[in-house]
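Those protein sequence lines, which keep their order, are chains X and L.
Using my numbering, the letters of the first sequence correspond one by one to residues 69 to 279.
Using my numbering, the letters of the second sequence correspond one by one to residues 69 to 279.
2 protein chains.
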Amino acid sequence: MAVDKKAHIMNHAIALFADRGFEGTSIRDLAHEAGVNVAMVNYYFGSKEKLVEAILDEKASYMKDRIEELESNASLSELDKIDALIEDYVNRILSGASFHKFLYKEMMDTKRDVIHSFLNKSIARNTRNFAAIIQRGIDKKMFKEVDPILTVTSIIGSISQVVVSKSMCNLLLSQPEANEPYTDEKFKQRLVTHIKSMIHAHLLVESSNHK
Amino acid sequence: MAVDKKAHIMNHAIALFADRGFEGTSIRDLAHEAGVNVAMVNYYFGSKEKLVEAILDEKASYMKDRIEELESNASLSELDKIDALIEDYVNRILSGASFHKFLYKEMMDTKRDVIHSFLNKSIARNTRNFAAIIQRGIDKKMFKEVDPILTVTSIIGSISQVVVSKSMCNLLLSQPEANEPYTDEKFKQRLVTHIKSMIHAHLLVESSNHK
DNA sequence: AAATATTAAACAAACGTTTGAATAAATCAA
DNA sequence: TTGATTTATTCAAACGTTTGTTTAATATTT
C-alpha cells in the first residue's frame with residue numbers, strides 16, 4: 069500500500085515539476101494535487117530534494133539506453149541499430165513526455181549540483197555510445213564521413229524539441245490547445261519516419277540507395 | 069546612468085535565471101550578484117515578474133527571425149535562404165546561450181502563463197515561416213518531399229540540444245568543465261557545417277549533387 | 001530646492017519541515 | 001477468533017526561514 073502511495077505522489081510530482089519547475093512547485097501544491105496531507109511528502113521521502121532523487125532512482129531504467137542489448141545482437145547492421153535506437157528514443161521520450169521535460173529542466177539547472185552533473189554525464193555517455201555505432205559504420209565505409217556526435221545530438225534534439233512545448237506542437241498540428249499530441253500514435257510514427265529518412269540521407273552514400 | 073544600471077541588472081538576471089530558474093533565483097541572490105541593493109530591482113522594474121517582461125522586451129529583436137528580410141531578396145534560392153537561416157540561428161543561439169536557456173525554461177514553464185503562450189506562439193510562427201520556405205522548394209521540385217515542419221524542428225532542436233548543457237558539451241569535446249564552448253568560433257563552425265550537410269542531404273534530390 | 005537614487009530595516013505571506021496527537025493496520029499471545 | 005499491543009499512517013497546527021515587496025530616512029544629481 070505504501071508503495072502505491074509513494075508512486076502516486078511521485079507521478080503527480082513529475083507532472084508538476086515538468087510544468088512549473090522544482091522551485092516553482094510547493095509541497096502544498098503537490099499535496100493538494102495528489103490529494104494527500106502536506107506532511108506525507110516528508111514522511112515518505114524525507115525532504116523535497118530526496119523526492120527528486122527517488123524519482124530519478126525509480127526511473128533509472130528509463131534513462132538507460134538499449135545500446136548494450138543491441139550490441140549483443142551480432143546480426144544487426146549499424147543502420148539497423150540506429151533505426152532501432154531512433155524508434156526507442158521516440159517511444160520513450162514521447163510516452164514519458166512530462167518526465168523528459170522534468171529531466172531537461174534539471175539538466176539545465178545548476179542548483180541541485182549532484183543531479184545536474186549526474187544527468188549531464190548520463191546523456192553524454194549515451195551520446196558517446198550512440199556515436200560509436202555511427203563511427204563503426206563510417207569505418208566500414210557504409211556511412212559518409214559525418215560528425216558522429218553532432219549527428220546523435222540532432223536525433224535527440226529533434227525529439228526533445230517536440231516535447232519542449234505541447235502548445236507549440238498543437239499549433240503546428242493545427243490542433244486545439246488541450247490536445248495531447250505525444251500519445252497520438254500517428255504523430256509518433258510521423259516523427260520516427262522523418263528522423264529516419266533525414267538520418268538515412270545524412271549517413272548513406274548515394275550508391276546505397278536502391279533507386 | 070539609469071539605463072546602464074537597468075541593463076546591468078538584466079544581464080545578471082538572465083545568467084541567473086538560465087542557471088537556477090526564475091523561482092530558483094531570489095531577488096537577494098540577484099542583487100548580491102549584480103552588486104546592488106535588494107530594493108533596486110523593484111525600484112527599476114516594479115516587480116520580479118516585470119523584470120522578466122523587461123528582459124523579453126529588450127531582447128525582442130533577438131527573437132524576431134530574419135525571414136522577412138530574406139524574403140525581400142529575390143535573388144536568393146530557397147537553399148540559400150535555408151543556409152542563411154541556419155547560420156543565423158546558430159550564431160544567435162550560441163552567442164546568447166544563457167538567454168536561450170532562459171527562453172527554453174520559460175517555454176516549458178506554464179507558471180507565467182502570458183509569457184509561456186507568447187513564447188510558444190512566437191516559436192510556432194518562426195517555425196511555420198521557415199517551413200514555408202522549404203515547402204516552396206518542394207513545390208519547385210528542388211527539394212525532396214520531406215516533412216517541412218519537422219525538418220525545421222530538427223534544425224532548431226539540433227542547436228538547442230547543444231545549448232541545453234554546457235557540461236555535456238564539454239564532455240563531448242573532451243574539454244574541461246570550465247570551458248566555454250559556445251563562444252568558440254571553431255565549434256560554431258563545426259555545428260553549422262554539420263547541420264547544413266545533414267539538411268542538404270535531407271532536402272536535395274540526388275541529381276543536384278555535383279559528384 | 002526639487003527630483004532622483006540608494007540604503008537598512010521591516011512587512012506580511014509563503015516556504016519546507018517538524019511536532020504530537022489521533023487513527024488505522026499489523027502482529028501476536030491467548 | 002479474540003482482544004491487547006505494537007507499528008505504521010494521517011492530520012491540523014505550529015516552527016523557524018526565506019521569500020518578494022515596501023517603507024522611510026539618507027545621499028546624490030539636477
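From the three backbone atoms N, C-alpha and C, an ideal C-beta is built for every residue, glycine too.
Note that the coordinates shown come from a computational prediction; the quantities given were computed from them, not determined experimentally.
Taking DSSP as the reference, what is the three-state secondary structure of residue i?
i        : result
X/Lys264 : helix
L/Leu272 : strand
L/Asn211 : One point to set straight first is that residue 211 of chain L is Phe, not Asn, in the sequence displayed. Strand.
X/Gln243 : coil
L/Leu144 : coil
L/Ser185 : helix
L/Lys279 : Residue placement at L/Lys279 is poorly supported in this model, since its pLDDT is 34, which falls under 50; the coordinates still yield a value, given next. Here L/Lys279 sits in coil by DSSP.
L/Asn197 : helix
X/Thr221 : helix
L/Thr93  : coil
L/Thr251 : helix
L/Ser226 : helix
X/Asn110 : helix
Using only CA atoms, which one of the options lies nearest to residue i?
i        : options                                : result
L/Ile161 : L/Asn105, L/Leu240, L/Gly225, L/Ser145 : L/Gly225
X/Leu240 : L/Ala99, L/Lys234, L/Val220            : L/Val220
X/Glu121 : X/Glu146, X/Ala102, X/Ala81            : X/Ala81
X/Leu218 : L/Arg96, L/Ser145, L/Lys256, L/Asp87   : L/Lys256
X/Tyr112 : X/Met210, X/Gln203, X/Ala75            : X/Ala75
X/Glu136 : X/Glu126, X/Arg196, X/Gly89            : X/Arg196
L/Met176 : L/Lys73, L/Ala86, L/Gly164             : L/Ala86
X/Leu272 : X/Val182, X/Glu213, X/Ser222           : X/Glu213
L/Lys73  : L/Leu171, L/Ser94, L/Gly89, L/Ala102   : L/Ala102
X/Lys264 : L/Lys208, L/Glu146, L/Ala269, L/Lys264 : L/Ala269
L/Asn79  : L/Lys173, L/Leu98, L/Ala200            : L/Leu98
X/Arg258 : X/Asp148, X/Ala83, X/Glu155, X/Ser129  : X/Glu155
X/Tyr157 : X/Ser222, X/Asn247, X/Asp181, X/Ile183 : X/Ser222
Going along chain L in order, which residues have a C-beta closer than 7 Å to the C-beta of residue i?
i        : result
X/Val230 : Thr221
X/Asn105 : Going along chain L, no residue has its Cβ under 7 Å from X/Asn105, so there is no contact; the nearest lies around 23 Å.
X/Glu253 : Residues of chain L passing the Cβ test: none, with the nearest at roughly 16 Å.
Does the separation of the CB atoms of residue i and residue j fall below 7 Å?
i        : j        : result
X/Met236 : L/Ile191 : yes
L/His168 : L/Val231 : yes
X/Ile95  : X/Lys127 : no
L/Ala165 : L/Tyr250 : yes
X/Gly205 : X/Phe198 : no
X/Glu146 : X/Ile77  : no
X/Gly89  : L/Gly89  : yes
Our contact map puts residue i next to residue j with C-beta atoms below 8 Å; I'd like the distance itself, whole angstroms only.
i        : j        : result
X/Val109 : X/Leu124 : With 8 Å as the limit, X/Val109 and X/Leu124 do not qualify as a contact, their Cβ atoms being about 16 Å apart.
X/Lys254 : L/Gly92  : Wrong, their Cβ atoms sit about 38 Å apart, outside the cutoff.
X/Asp133 : X/Asn188 : About 15 Å separates the two Cβ atoms, so there is no contact after all.
L/Lys234 : X/Lys173 : With 8 Å as the limit, L/Lys234 and X/Lys173 do not qualify as a contact, their Cβ atoms being about 15 Å apart.
L/Gln203 : L/Pro216 : 5 Å
Find the residues of chain X that neighbour residue i, judging by a C-beta separation of less than 9 Å, and give them in chain order.
i        : result
L/Thr195 : Met236, Leu239, Leu240
L/Asp97  : Neighbours of L/Asp97 on chain X: none; closest Cβ ~11 Å, over 9 Å.
L/Arg258 : Asp215, Leu218
L/Gly205 : Those do not exist, as L/Gly205 stays about 15 Å from chain X at its closest Cβ, beyond 9 Å.
For a contact defined as C-beta to C-beta under 8 Å, what are the partners of residue i on chain L?
i        : result
X/Met175 : Val232, Ser233, Met236
X/Ser226 : Leu218, Thr221, Ser222, Gly225, Ser226
Using a cut-off of 8 Å between C-beta atoms, extract the partners of residue i located in chain X.
i        : result
L/Ser185 : Ser235
L/Thr178 : Asp87, Arg88
L/Asn188 : Ser233, Ser235, Met236, Leu239
How would you list, in chain order, the residues of chain L whose beta-carbon sits under 9 Å from the beta-carbon of residue i?
i        : result
X/Lys169 : Met176
Please list the partners that residue i has in chain X, where partner means a Cβ-to-Cβ separation under 7 Å.
i        : result
L/Ala192 : Met236, Leu239, Leu240
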